[in-house]
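For the sequence shown, the numbering used here gives the first residue as 235, with consecutive numbering after it.
Positions of the beta carbon are idealized from the N, C-alpha and C atoms, including for glycine.
Quick notes on the structure that follows.
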Amino acid sequence: MKKFKRLLPLLMAIVAVFAFGFSLVGCSSCNDDNRRLVSIDFDTSDTQLEFNVGQLFNSEGLIVIANFEDAKTKQDRISADDKNVKIDSSAYNKDAEGTYSISVSYTYNGVTQSANYDVTVKYQIGGLDVRFKSGYGEPITLSADKKTADLSSVASWIEVRHPDASTGVADLNSTPISANEYTVKVYKEQTELTDLSSLKRGAYQIWVSKYDAKRKFTYEGFILYYVVDEVQSIALSGGNTVQERSLKDKITPTWQFTVTYKSGDTAVVNKSNRYLSIPMINTNADRNAGSVTVSYNEPLPTGEAQQVTVEVGYRLTGAQVVPEMAVFNPGLLTGVDVTVETEFMNFDIIKGGITGISTNASGNVITNREADITLPTGIVIDGKSSVHVAHAWQSGGASSETDGRFIRFTAKRNFDIYIYANANGSNPGRQMSLTTLDDYVVMSSIDGYKAIDNVDVELSGSNYSRHAQSVTEVSPVGVDFSISFNQSINVFMVLVIFEEE
């Protein structure tokens, strides 16, 4: 018995040790923090609250402040990327200005609390005010002595400021942003330039950017700077000025001109240059020689106009070309059931599904309309480059098989078609269309003329508008075409010129 009494304290100590060990194991798998989450707030001092239109939302830097009760530690600061933080930005619309509510929730010990914070989307929060320092804004003008400009030190010529957030205007008395905070790049026609030590004429875009690491956003601004090289002269430098007579303009596309600038720099231009203007030349004229004044009208980068000209002489050889053509001229039509035919085309004039032209009281051909038609360049009829038309054909109402009037024809060769017409009245929206069911036919515009398809006939009275299209890929078997009208239109003449073979 005495031995048991002596063993009892030892047994109790062993039990206590086991109990303590069990208690430690139990704490490793449970949370003894009994704090109760009651609300959340935010610290947005390091997160983005203003976004530019088009910018994706981000919550980087957001801190959630968890508020507890009945505990010594009543607040925790949790990063927005914590797994227990959920952010709902579905209300955010990057494409529209406005204020949007971002919903945030945080879960702790099975309790979830939510709150919102607002962000704003607006235009041009990233704009910088970029200006030249006093005395550095004048354009560089090139000369024979100074043939290029050096913009390698352009960063030292400018001052950069943040504009006021509400007005968008920078305070010019404020201190500019330090030069080591922003990046300067120079562009010409959207191409960044790497060598700025030898630049020629043009407008240069000086682009400034400043990256905000907090917002992960780039502020931007730019100014234009000009290098001026004035045009001095233009001279013919290539291309044939002798041409055999033909229906098409084949002289001027080959002409090239050398433009010389004040610095001595030169550029070769041709008909595709938008500043070069070459008058139309009738290569089928009855004269043997002629000349035209060619002008070059390149504006200065600052917007002022400047022009130089050169006189170019040319010679024509060979006999005048008599084109193969088909002409629908209402002034030549009499009686009914009239068609105009050539080897490659025939016209059928349709009224209410009946072939033919009527000159009776219903008035398909009207005699109180006339016009002087100037023929296309290179085209002569009976030796003349213009035709007087004494009548007009009136299309009547909208085209249909039952009550409309339209023109059908079949072509067996590629052609250019010219239509001279005007509205039979002043109300807008009068249109005509050239159509075909052949998917392989290609229709393209002709310079100097309006297209035929879906174009208002704008003029009324004795005037007319000119419409034309070039039609290619025409099968020699024959392709059917139709000229239709949505309202009453006066047609003075339809002229079809077949391509030279």
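- DSSP lists SER273 and GLN309 as the bridge partner or partners of ASN301.
- Rounded to whole angstroms, the gap between the alpha carbons of ILE653 and THR611 is 15 Å.
- Put simply, of GLU294, LYS328 and ALA300 the residue whose alpha carbon is nearest the alpha carbon of ASP315 is GLU294.
- Between the region 435-445 and the region 472-489, the count of Cβ pairs shorter than 8 Å is below three; the stretches do not touch.
- For LYS367, same chain residues with a beta-carbon under 7 Å away, outside a window of 5 residues either side, are TRP391, ILE392 and GLU393 in chain order.
- The beta carbons of SER273 and GLN347 sit about 5 Å from each other, so the pair counts as a contact at 8 Å.
- Distance from LEU668 to ILE723 at the Cβ level is roughly 13 Å; contact not present, criterion being Cβ atoms closer than 8 Å.
- ARG311 and ASP304 have their C-alpha atoms spaced approximately 18 Å apart.
- THR494 is positioned such that its CB atom lies closer than 8 Å to that of GLN466.
- Shown here, VAL388 sits in a helix according to DSSP, grouped into three states.
- For GLY472, the enclosing beta strand (DSSP E) begins and ends at 465-472.
- Residue range 699-706 is occupied by the beta strand (DSSP E) that includes HIS701.
- Under the three-state reduction of DSSP, ASN286 is assigned to strand.
- Distance from the Cα of ILE411 is smallest, within the candidate group GLN554, LEU376 and TYR453, for TYR453.
- Straight-line spacing of the CA atoms in THR536 and TYR460 works out to 7 Å.
- For PHE562, the closest C-alpha among the options GLU415, ALA605, ILE641 and VAL345 is that of ILE641.
- In the structure shown, THR475 falls within a coil segment according to DSSP collapsed to helix, strand and coil.
- Around TYR370, the same chain offers TRP391 as residues with beta carbons nearer than 6 Å, after the five sequence neighbours per side are excluded.
- If you draw a straight line from the Cα of ARG700 to the Cα of ASP690, it comes to about 11 Å.
- As the crow flies, the alpha-carbon of THR278 is around 60 Å from that of LEU510.
- Between the C-alpha atoms of PHE726 and LYS328 there is a straight-line separation of about 56 Å.
- Excluding sequence positions up to five before and after VAL526, its CB lies within less than 8 Å of the CB of ILE512, PRO513, ILE515, GLU545, VAL546 and TYR548, all in the same chain and listed in chain order.
- When DSSP states are grouped into helix, strand and coil, GLU415 belongs to the helix group.
- Contact check for VAL730 against GLU707 fails: the beta carbons are separated by 8 Å or more.
- Here THR488 carries a helix assignment [DSSP, helix/strand/coil].
- Rounded to the nearest angstrom, the gap between the Cα atoms of ASP687 and GLN665 is 8 Å.
- DSSP places PHE562 in the uninterrupted beta strand (DSSP E) bounded by 559-562.
- Cβ-Cβ distances below 6 Å link GLU532 to VAL465 and TYR509 in the same chain, with the five nearest sequence neighbours on each side left out; the list follows chain order.
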